[in-house]
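Enquirer: Residue numbers (our numbering): 910 to 1098.
We put the CB at the ideal spot given by N, CA and C, even for glycine.
As the structure is a computational prediction, the values presented were derived from the model and not from experiment.
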Amino acid sequence: MSGQQKELVNKAKWQAEQWWQQMMLPQAELNVPKAPARYRAELRRCGSADAAMLTEGFRVLWLALPAEIREQHSYSIEAWATVAAILSHVSQAQEKTFGASLGQLDAKTDKAVVSELRLQQLQGAKTSQDFFRRLHRLVRQLGGKANPEALIADILDWFGEHYTQQPRRADKRVAVRWALDYYSVQAHA
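1) Going by Cα to Cα distance, which pick from ALA937, GLN1032, PHE967, LEU1011 is closest to VAL1022?
2) Among THR1036, GLY912, GLN930, which residue has its Cα nearest to the Cα of SER957?
3) Taking the DSSP output, what are the residues bridged to LEU1014?
4) Ignore the nearest five residues each way along the sequence and tell me which others in ASP1066's own chain have a CB closer than 7 Å to its CB.
5) Spatial neighbours of VAL1094 within its chain, please: C-beta separation below 6 Å, excluding the five flanking residues on both sides.
6) How would you write the range of the alpha helix (DSSP H) that GLY966 sits in, first residue to last?
7) For ILE978, which of ALA1002, THR1018, PRO942, LYS920 has the nearest alpha-carbon?
8) Do the segment 1024 to 1031 and the segment 1071 to 1081 meet, that is, are 3 or more Cβ pairs less than 8 Å apart?
9) Could you tell me which residues DSSP puts in a beta bridge with ALA1002?
10) Which residue wins for smallest C-alpha separation from ALA976, given the options VAL918, ALA1055, GLU1070, LYS1005?
Written as structure tokens, this is what we have:
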């Protein structure tokens, strides 16, 4: 990826994070008008990326992205619709990576919030619909507490890996990053 492409992707990720903040943060914390509550409500009801594409909230995000990003890949619209729908379930931003959030220990049970089996099912998702469903379930299981910036990056990376089949170093693949972060949290507990 060239420097210009990375800059465009980073701008798009920043735009998505700003879009999420407009839906979630109180007006007093925003420098721009708050997004209508119906955007989040519509997106939260979506059971697929296809359903999310039909919402006004997604359309606002999609049209705010640079045209080069929207036209970059055949799967771009599905990837960004997944971003929109999943972020609508994030109600509180965390600093941890998504994998670390999944592996954090529950104070009551002294076990990971998300089981190894659920993590493995997410890692093994074969279709974008399966990925959407499993990711959606895990964000809900985290109680809406996740890192929006990390989620955006992970979702886009998953789509890039799934659709382009480009060889990557093992430690750079999203499924491996999730596992490393998941188990590192438990090792330090």
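Expert: A quick look at the data gives this:
1) LEU1011
2) THR1036
3) ALA1021
4) VAL1083
5) ALA1009, GLY1012, GLN1013
6) 965 to 973
7) LYS920
8) no
9) ALA1055
10) VAL918
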